[in-house]
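Just so you know, the sequences run in chain order W and Z. This note's numbering numbers the first residue of the first sequence as 64 and each following residue consecutively. This note's numbering numbers the first residue of the second sequence as 64 and each following residue consecutively. Idealized CB from N, CA, C, for every residue including glycine.
Protein chains: 2
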Amino acid sequence: MSSVTLDVREVHTLIVGALVRSRTSEKSAASVADALVEAELAGQGGHGLRRVAAYAAQAKAGKVDGFATPVVEKPRPALLAVDAANGFAFPALDLAVEPLSECARSQGVALAGFRRSHHCGVAGVVVERYARNGLVALMFANAPGAMAPWGSNRPLFGTNPVAFAAPIAGADPLVVDISLSKVARGKIMAANQKDEAIPPGWAFDADGRPTTDPKAALAGTMAPVGDAKGTALALMVELLAAGLTGANYAYEATSFFDDKGAPPGVGQLIVCIDPTAFGSGTLERFAAMADMVSDAPGARLPGRRRQALRQSLLKEGIPVEQSLIVEIEAIGR
Amino acid sequence: MSSVTLDVREVHTLIVGALVRSRTSEKSAASVADALVEAELAGQGGHGLRRVAAYAAQAKAGKVDGFATPVVEKPRPALLAVDAANGFAFPALDLAVEPLSECARSQGVALAGFRRSHHCGVAGVVVERYARNGLVALMFANAPGAMAPWGSNRPLFGTNPVAFAAPIAGADPLVVDISLSKVARGKIMAANQKDEAIPPGWAFDADGRPTTDPKAALAGTMAPVGDAKGTALALMVELLAAGLTGANYAYEATSFFDDKGAPPGVGQLIVCIDPTAFGSGTLERFAAMADMVSDAPGARLPGRRRQALRQSLLKEGIPVEQSLIVEIEAIGR
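Okay, structure coming up:
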């Protein structure tokens with residue numbers, strides 16, 4: 064596979080073009096492109112350019128409304144209810160940043176719930192924006208059904224990311240971003256394409272039995288991180304990100320990958336906290352813990368590898384497979 | 064070991080007596096006893112009567128101030144800062160229930176941070192009280208150092224529980240309560256007493272190598288749930304429960320088990336959300352997910368086993384080892 068190196072602006076233009084040719088407004092397309100570029104800069108290609116074809120197909124089919132305008136309401140002083148209006152998630156996530164930050168500063172804590180939403184991409188990127196605003200953010204997102212309650216074979220929960228970011232005195236924010244499946248579903252899809260077995264412990268077949276066959280795994284469920292504790296957390300995320308916000312649960316949501324059926328209508332919840340509300344010196348206290356972790360031999364501070372990669376890719380450009388560029392350029396022509 | 068069956072009132076009296084004889088006020092002792100009784104009813108003896116001797120010793124030594132009066136301040140409209148004043152955690156946790164519930168109802172979301180606090184017992188019991196008030200609660204607590212950042216051998220984090228409760232239409236609250244270590248440290252302490260090996264995967268020795276020797280494990284660190292993802296969550300909990308609230312980090316906190324040194328000074332954070340703020344019908348939506356999990360063959364809804372046990376123990380009484388009763392009755396005499 065030959066690849067070429069594109070700069071951020073070129074990647075952005077490529078994405079905007081494909082979406083605008085697929086029944087999406089310039090404004091929504093730019094917001095989506097911002098997020099997918101950040102995913103590429105984070106080294107998370109599975110949430111980046113490789114999503115463009117599926118996004119464009121969904122916009123073209125009307126499964127995602129590319130012309131949707133998200134709406135923010137404030138039913139209580141510390142609470143924003145955001146209707147993503149069955150558009151892409153990113154315009155709604157963008158729209159909330161300033162009002163939610165402002166609300167957290169005045170109230171001490173504030174909450175934003177997103178309904179009728181879509182794939183939120185790299186959750187760590189979303190929360191890091193709040194940390195760069197000087198705020199602590201905690202995010203829960205649900206996704207179409209892929210994991211079963213422990214002991215069962217019904218895919219009631221998504222792989223449901225939990226992300227957290229905190230501003231650190233004198234350094235980049237600390238960012239935690241984990242999904243609640245043991246491995247990303249993309250790894251199983253890749254093994255399936257190459258017709259290779261997957262390691263034991265990654266997934267279950269449709270009957271809930273452990274499997275190393277990627278086809279059986281894709282028809283079954285993903286193994287949770289930490290067994291029963293992981294599915295307990297995934298259930299919690301469903302209730303927070305969807306039950307509370309008025310979004311669809313995992314088992315009600317259609318796929319993020321095809322253009323079939325109703326909009327996925329998943330949800331997200333962001334808790335935003337002003338760390339100065341508890342007193343001064345909090346960012347220095349965060350720095351103290353970050354330093355202890357960084358200084359522990361063998362340990363890595365979450366988020367740092369991604370931030371270093373971002374700096375490097377901003378300078379050197381983003382390597383993209385030639386075939387992927389051709390595919391994206393052909394969309395909607 | 065012979066055991067007798069005591070009713071809730073007898074267990075409560077036993078605890079109050081031992082604490083009051085150990086430099087603790089009647090009021091604080093009653094609050095602690097309420098919590099330890101609930102732990103026994105939850106089948107979590109490790110957070111129940113077996114803590115009384117250590118609690119009493121700490122109160123007697125002044126490591127815990129048995130006469131402390133917790134103080135609640137409200138620096139922002141949606142934020143409570145609670146100073147547990149180096150007393151037991153429970154009087155502070157009790158004090159917050161009504162003002163935090165009230166604040167969540169008016170603001171939509173509210174936050175309580177606890178500093179200069181102590182062992183919070185069964186976190187699921189704490190959050191369930193909010194759910195019985197009709198609110199969603201999410202709690203993070205830190206604890207003395209027991210887990211290392213993934214790849215390192217430094218016990219920078221506690222086993223740090225995460226607990227969540229939501230009210231369910233027509234049923235008891237749904238309660239998730241997990242610690243971020245793979246198994247409870249008490250299991251390793253029990254194996255050590257019996258001089259038995261522990262299963263592989265539970266713990267690391269002081270050099271960070273996997274061990275099956277319980278002595279080496281107690282001198283080392285606990286394995287996190289889900290490897291690197293578990294320690295990322297434990298770090299997040301340290302920042303939320305301690306960094307934010309002004310409490311001590313795990314690596315700064317003294318033991319909950321002995322009477323040596325300064326007060327542990329750990330922290331807790333509770334996020335409390337009014338589920339009706341996003342619209343009506345939320346409790347029915349929570350019920351829909353709870354039913355899907357309950358109906359999935361092989362799955363269990365988190366919290367249900369504990370709630371059933373509580374009902375049964377309330378009726379039949381709590382079995383307590385005779386030797387433990389003798390030990391507690393002798394405290395302070």
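Bounding residues of the alpha helix (DSSP H) (the contiguous stretch that carries residue i)
i	result
Met202 of chain Z	Per DSSP, Met202 of chain Z belongs to no alpha helix (DSSP H); it is in the beta strand (DSSP E), Val199 to Ala204.
Glu101 of chain Z	Glu89 to Leu104
Val135 of chain Z	No alpha helix (DSSP H) holds Val135 of chain Z; the beta strand (DSSP E) holding it covers Val134 to Arg139.
Ile261 of chain Z	Unbroken run through Ile261 of chain Z: none, as it is neither H nor E.
Leu121 of chain Z	First, the amino acid is wrong: residue 121 of chain Z is Gln here, not Leu. Run containing Gln121 of chain Z: Val115 to Ala124, per the alpha helix (DSSP H) assignment.
Asp354 of chain Z	Thr345 to Asp358
Leu158 of chain W	Ala152 to Gln170
Ala194 of chain W	Ala186 to Arg195
Gly80 of chain W	Val71 to Val83
Leu296 of chain Z	Asp290 to Glu301
Ala280 of chain W	Pro277 to Leu281
Where the beta strand (DSSP E) through residue i begins and ends
i	result
Glu384 of chain W	Ile381 to Glu384
Ala234 of chain W	Ala234 to Ile241
Asp146 of chain Z	Leu142 to Asp146
Gln331 of chain Z	Val329 to Ile336
Ile394 of chain W	Taken as a continuous stretch (DSSP letters only), Ile394 of chain W belongs to no beta strand (DSSP E), as it is neither H nor E.
Pro230 of chain W	Val225 to Ile231
Spatial neighbours of residue i in its chain, beta-carbon cut-off 8 angstroms, leaving aside the 5 residues before and after
i	result
Leu104 of chain Z	Val71, Leu372, Arg373, Leu376, Leu377 and Ile381
Glu379 of chain W	Thr68
Leu143 of chain W	Val135, Glu136, Lys137, Ala159, Pro162, Leu163, Cys166, Ala173, Leu174, Ala175 and Gly176
Glu89 of chain Z	Val79 and Val83
Pro236 of chain W	Glu191, Ala194, Arg195, Ala228, Ala229, Pro230 and Gly366
Phe349 of chain Z	Ala229, Pro230, Ile231, Ala232, Leu237 and Pro338
Met252 of chain Z	Pro277 and Leu281
Glu112 of chain Z	For clarity, residue 112 of chain Z is Leu in the given sequence; the question names Glu instead. The residues are Val74, Leu77, Ile78, Leu99, Glu103, Val383, Leu387 and Ile391.
Partners in chain Z for residue i, counting only beta-carbon separations shorter than 7 angstroms
i	result
Gly324 of chain W	Near Gly324 of chain W there are no residues of chain Z at all, since even the closest Cβ is about 19 angstroms away, more than 7 angstroms.
Gly150 of chain W	Ordered by position in chain Z, no residue passes the 7 angstroms Cβ test against Gly150 of chain W, which lies about 19 angstroms from the chain.
Pro338 of chain W	Leu307
Phe349 of chain W	Leu302 and Gly306
Beta-carbon proximity list for residue i, same chain, < 7 angstroms, skipping 5 on both sides
i	result
Ala186 of chain W	Met202, Ala204, Pro224, Ala226 and Asp240
Arg248 of chain W	Ala209, Thr222 and Met285
Asn255 of chain Z	Pro277, Lys278 and Leu281
Arg168 of chain W	Asp337
Ala353 of chain W	Ile231, Ala234, Leu237 and Leu364
Ala141 of chain Z	Cys166, Gln170, Val172, Ala173 and Leu174
Thr274 of chain W	Ala266, Phe267, Asp268, Ala280 and Gly283
Ala305 of chain Z	Asn205, Asn311, Tyr312, Val329 and Gly330
6 angstroms Cβ shell around residue i - same chain, five flanking residues per side excluded
i	result
Arg369 of chain Z	Ala105
Gly324 of chain Z	Thr317
Gly184 of chain Z	Ala98, Ala102 and His110
Pro154 of chain W	Ser91, Ser94 and Pro133
Arg217 of chain W	Ala211
Val188 of chain Z	Glu101
Partners in chain W for residue i, counting only beta-carbon separations shorter than 8 angstroms
i	result
Gly271 of chain Z	Gly361
Val239 of chain Z	Ala295, Leu296, Leu298 and Met299
Val199 of chain Z	Leu302, Leu303 and Leu307
Per-residue burial, residue i [other beta carbons within 10 Å of its own, 16 or more giving buried]
i	result
Gly397 of chain Z	For chain Z, the structure presents residues 64 to 396; residue 397 of chain Z sits outside this window and is missing.
Thr76 of chain W	exposed
Asp146 of chain Z	buried
Gly233 of chain Z	exposed
Pro262 of chain W	exposed
Val389 of chain W	exposed
Ser66 of chain W	exposed
Lys257 of chain W	exposed
Ser343 of chain W	exposed
Gly96 of chain Z	The sequence as given places Ala at residue 96 of chain Z; Gly does not occur at that position. Classification of Ala96 of chain Z: buried, given that the 10 Å Cβ count is 16 or more.
Neighbour list for residue i in chain W, Cβ cutoff strictly below 9 angstroms
i	result
Met355 of chain Z	Pro212, Arg217, Leu219, Tyr312 and Tyr314
Met252 of chain Z	Correct list: empty, because the minimum Cβ distance to chain W is about 21 angstroms.
Val334 of chain Z	Val172, Leu174, Leu201, Val334 and Ile336
Contact list for residue i against chain W, beta-carbon separation under 7 angstroms
i	result
Thr345 of chain Z	Gly306 and Leu307
Gly342 of chain Z	Gly309
Interface flag, residue i vs chain A, CB-CB below 8 angstroms
i	result
Ala295 of chain W	Of the protein chains in this structure, namely W and Z, none is chain A.
ask   = Between the region 205 to 237 of chain W and chain Z, which residues of the former have CB atoms less than 8 angstroms from a CB of the latter, in chain order?
value = Ala211, Pro212, Trp213, Gly214, Ser215, Asn216, Arg217, Leu219, Val225, Phe227, Ala229 and Leu237
inquiry  = Against chain W, which members of the region 283 to 312 of chain Z pass a CB distance test of less than 9 angstroms?
reply    = Pro287, Val288, Gly289, Asp290, Ala291, Lys292, Gly293, Thr294, Ala295, Leu296, Leu298, Met299, Glu301, Leu302, Leu303, Ala305, Gly306, Leu307, Thr308, Gly309 and Tyr312
key: Members of the region 365 to 384 of chain Z that neighbour chain W once the beta carbon cut-off is set at 7 angstroms   = Pro365
query = When Cβ atoms are compared, which residues of the region 129 to 153 of chain Z fall closer than 8 angstroms to chain W?
reply = Pro138, Arg139, Pro140, Ala141, Leu142 and Ala144
Positions along the region 170 to 188 of chain Z whose CB lies within less than 9 angstroms of some CB in chain W = Gln170, Gly171, Val172, Ala173, Leu174, Gly176 and Arg178
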